[in-house]
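Peer 1: Here the sequence shown is numbered in this note's numbering, starting from 115 and rising by one per residue.
Please find one structure pasted underneath; my questions will follow.
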Amino acid sequence: MKKPRLFDYVVHRQPAFDREVGGLVCQLLDSQFVYLPATGTSRMCLFNEDWSDTMLKKVKTSKEPKAEKVVQDTIAAPSVWRNHQSRTCIVIGFNAKENVVMYIPTSESTFEVLTADADTFKNKLYAEPIDYPVERAARLFVEFARDMGAQPEVLEALNVFTPVTIEEKEMATKRAAATAASSDAKAAKSPKAKTEKSAKPKVEKSTKPRENMSVMFRELIMRGTMSDDVIFSKVSEKYPNAQRSYVQFYRTKLVKSGEKVPEPKGGAAKKAGRPKSKE
Numbered sequence: 115m116k117k118p119r120l121f122d123y124v125v126h127r128q129p130a131f132d133r134e135v136g137g138l139v140c141q142l143l144d145s146q147f148v149y150l151p152a153t154g155t156s157r158m159c160l161f162n163e164d165w166s167d168t169m170l171k172k173v174k175t176s177k178e179p180k181a182e183k184v185v186q187d188t189i190a191a192p193s194v195w196r197n198h199q200s201r202t203c204i205v206i207g208f209n210a211k212e213n214v215v216m217y218i219p220t221s222e223s224t225f226e227v228l229t230a231d232a233d234t235f236k237n238k239l240y241a242e243p244i245d246y247p248v249e250r251a252a253r254l255f256v257e258f259a260r261d262m263g264a265q266p267e268v269l270e271a272l273n274v275f276t277p278v279t280i281e282e283k284e285m286a287t288k289r290a291a292a293t294a295a296s297s298d299a300k301a302a303k304s305p306k307a308k309t310e311k312s313a314k315p316k317v318e319k320s321t322k323p324r325e326n327m328s329v330m331f332r333e334l335i336m337r338g339t340m341s342d343d344v345i346f347s348k349v350s351e352k353y354p355n356a357q358r359s360y361v362q363f364y365r366t367k368l369v370k371s372g373e374k375v376p377e378p379k380g381g382a383a384k385k386a387g388r389p390k391s392k393e
């Protein structure tokens, strides 16, 4: 048998007394679990090596012929029910007129009061009622609600079957509020919220080529208003690492690419004051 979970209903076979004792699992340890028997006040421990079909079994898992079930028109309230995985719940009310069941399911977080129609409850959610005292199950729920949290209506319902102290109510409601706040904080930090918050207006990219030394050489050459010396002078002012031979290099590239490259203007060279060579 697999290791049980909290609030599972298990039946422990006691060969010495030739009897079975049923109870709800109330504590899980590394190598054992503790369950609260339906009768008596002691909590019994079972070790891993004792988890076998002969020592421990779930309710009605044997292949013995089952007696015919009498169809229930009503659901007894209060009562303790189990589902097909032996998870339990406490039925706290049944509205025969509207055919609605009110129940508190076992939970690993905040305890809540849920409702379901009787057909869904009996045929899909839970399998059958178990012979377990409601007041003992309620006390177990209250003990865990202190750490897991519970809605106020849960504590009011459980208080009918077992006394719930003011301290237990405060601890359970504070824990439930903290769990709700944590869930809201996680929802606010979800990827969807981040996307909506960080959404920025789309900026269109410019199709104009980024200016650099090559672009500047090409533009000045294509103007056709300057001599090669003037072109080199203007480019070298902005890009000191430019060389005089680059003017002819880019002019040749433009011609090879099929551009109609204008001839350099000699007059522009004279205006620029081209230095004379020494005799």
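Using N, Cα and C, we set each Cβ at its ideal position, and we do this for glycine too.
In the DSSP assignment, what residue or residues form a beta bridge with Ala230?
Peer 2: What you label residue 230 is simply residue 116 of the sequence shown in a count that begins at 1. Note: Ala230 sits in a beta bridge opposite Val215.
Peer 1: Taking only three categories from DSSP, how would you classify Ile280?
Peer 2: Indexing the sequence shown from 1 puts residue 280 at position 166. Reduced to three states, the DSSP call for Ile280 is helix.
Peer 1: Assign Cys203 to one of two classes, buried (16 or more other C-beta atoms within 10 Å of its C-beta) or exposed (fewer than that).
Peer 2: Along the sequence shown, read from residue 1 onward, the residue named residue 203 stands at position 89. With 16 or more other Cβ atoms within 10 Å, it is buried.
Peer 1: Taking the CB atoms as reference points, tell me whether Gly137 and Pro151 lie closer together than 8 Å.
Peer 2: Residue numbering aside, residue 137 sits at position 23 when the sequence shown is read from its first letter. Residue numbering aside, residue 151 sits at position 37 when the sequence shown is read from its first letter. Yes, the pair counts as a contact, with Cβ atoms nearer than the cut-off.
Peer 1: Glu222 by DSSP, collapsed to three states: which one?
Peer 2: Here residue 222 refers to the residue found at position 108 when the sequence shown is read from its first residue. Here Glu222 sits in coil by DSSP.
Peer 1: How far does the beta strand (DSSP E) with Glu134 in it extend, from its first residue to its last?
Peer 2: Indexing the sequence shown from 1 puts residue 134 at position 20. Note, Glu134: beta strand (DSSP E), 133 to 142.
Peer 1: With DSSP as the reference, identify every bridge partner of Met158, one or two as the case may be.
Peer 2: In the sequence shown, residue 158 corresponds to position 44, counting from 1. According to DSSP, Met158 bridges with Tyr149.
Peer 1: Where do the N-terminal and C-terminal ends of the beta strand (DSSP E) with Arg253 fall, by residue?
Peer 2: Taking the first residue of the sequence shown as 1, we reach residue 253 at position 139. No beta strand (DSSP E) contains Arg253, which is instead part of the alpha helix (DSSP H) from 248 to 262.
Peer 1: Counting along the chain, where does the alpha helix (DSSP H) carrying Glu351 start and finish?
Peer 2: Indexing the sequence shown from 1 puts residue 351 at position 237. Taken as a continuous stretch (DSSP letters only), the alpha helix (DSSP H) holding Glu351 covers 342 to 352.
Peer 1: Which residues in the same chain as Ile345 place their Cβ atom closer than 8 Å to its Cβ, once the five residues preceding and following it in sequence are excluded?
Peer 2: As a working mapping, residue 345 is identified with position 231 in the sequence shown. Hits under 8 Å: Phe331, Leu334, Ile335, Val361, Pro378.
Peer 1: Where does Phe208 fall in DSSP's three states?
Peer 2: Your numbering for residue 208 matches position 94 in the sequence shown. Strand, per DSSP.
Peer 1: Spell out the partners DSSP gives Ser193 in its beta bridges.
Peer 2: Sequence index remark: in the sequence shown, residue 193 carries index 79 (1-based). Ser193 pairs with Val205.
Peer 1: Which same chain residues, not among the five before or five after Thr220, have their C-beta less than 6 Å away from its C-beta?
Peer 2: Mapped onto the sequence shown, residue 220 falls at position 106. Contacts found: Phe121, Arg201, Thr202.
Peer 1: Go ahead and label Asp298 buried or exposed: buried means 16 or more other beta carbons lie within 10 angstroms of its beta carbon, across all protein chains shown.
Peer 2: Position 184 of the sequence shown holds residue 298. So Asp298 ends up on the exposed side.
Peer 1: Provide the residue span of the alpha helix (DSSP H) that contains Tyr364, from first to last.
Peer 2: For the purposes of this step, residue 364 is taken as the residue at position 250 of the sequence shown. First-last of the alpha helix (DSSP H) with Tyr364: 359 to 370.
Peer 1: Helix, strand or coil: which one does DSSP assign to Asp245?
Peer 2: Position 131 of the sequence shown, counting from 1, holds the residue named residue 245. Looking at Asp245 - three-state DSSP - the assignment turns out to be coil, as it is neither helix nor strand.
Peer 1: Output yes or no for whether 8 Å exceeds the beta carbon distance between Phe225 and Gln199.
Peer 2: Your numbering for residue 225 matches position 111 in the sequence shown. Your numbering for residue 199 matches position 85 in the sequence shown. No, the Cβ-Cβ distance between Phe225 and Gln199 is not below 8 Å.
Peer 1: Does the structure place the region 203 to 215 close enough to the region 228 to 236 that three or more beta carbon pairs sit under 8 Å?
Peer 2: Result yes; three or more Cβ-Cβ pairs closer than 8 Å.
Peer 1: Along the chain, where does the alpha helix (DSSP H) containing Arg337 start, and where does it finish?
Peer 2: Working through the sequence shown from its first residue, we reach residue 337 at position 223. Where Arg337 is concerned, the enclosing alpha helix (DSSP H) stretches over 327 to 337.
Peer 1: Do you know offhand how far Ser350's Cα is from Ser328's?
Peer 2: The residue given as residue 350 occupies position 236 in the sequence shown. The residue given as residue 328 occupies position 214 in the sequence shown. If you take the alpha carbons of Ser350 and Ser328, they lie about 12 Å apart.
Peer 1: To the nearest angstrom, report how far apart Ala190 and Ala292 are at their CA atoms.
Peer 2: The count along the sequence shown starts at 1 and reaches residue 190 at position 76. The count along the sequence shown starts at 1 and reaches residue 292 at position 178. Distance between the alpha carbons of Ala190 and Ala292: 34 Å.
Peer 1: Taking Cβ positions, are Ala259 and Ala294 nearer each other than 8 Å?
Peer 2: Along the sequence shown, one-based indexing puts residue 259 at 145. Along the sequence shown, one-based indexing puts residue 294 at 180. No; because the gap between Cβ atoms is not below 8 Å, this pair is not in contact.
Peer 1: With distance defined between alpha-carbon atoms, name the residue in Asp231, Leu142, Arg157, Ala241 nearest to Asn197.
Peer 2: In the sequence shown, residue 197 corresponds to position 83, counting from 1. Cα-wise, what sits closest to Asn197 is Ala241.
Peer 1: Mapping the DSSP letters down to three states, classify Arg83 as helix, strand or coil.
Peer 2: Here the chain comprises residues numbered 115 to 393, so residue 83 is not present and cannot be evaluated.
Peer 1: Between the C-alpha atoms of Ile244 and Glu281, what's the straight-line distance to the nearest angstrom?
Peer 2: Walking along the sequence shown from the start, residue 244 turns up at place 130. Walking along the sequence shown from the start, residue 281 turns up at place 167. About 31 Å.
Peer 1: Got a sec? Which residues, its chain only, sit under 7 Å from Pro247 by beta carbon, not counting five neighbours each side?
Peer 2: As a first step, residue 247 is located in the sequence shown; it is residue number 133 there, counting from the start. The answer, listed in chain order, is Ala152.
Peer 1: Take Gly207 and list the residues in its own chain whose beta-carbon comes closer than 7 Å to its own, dropping the five residues that flank it on each side.
Peer 2: The residue labelled residue 207 in the question sits at position 93 within the sequence shown. Excluding positions up to five away in sequence, the list reads Ala191, Met216.
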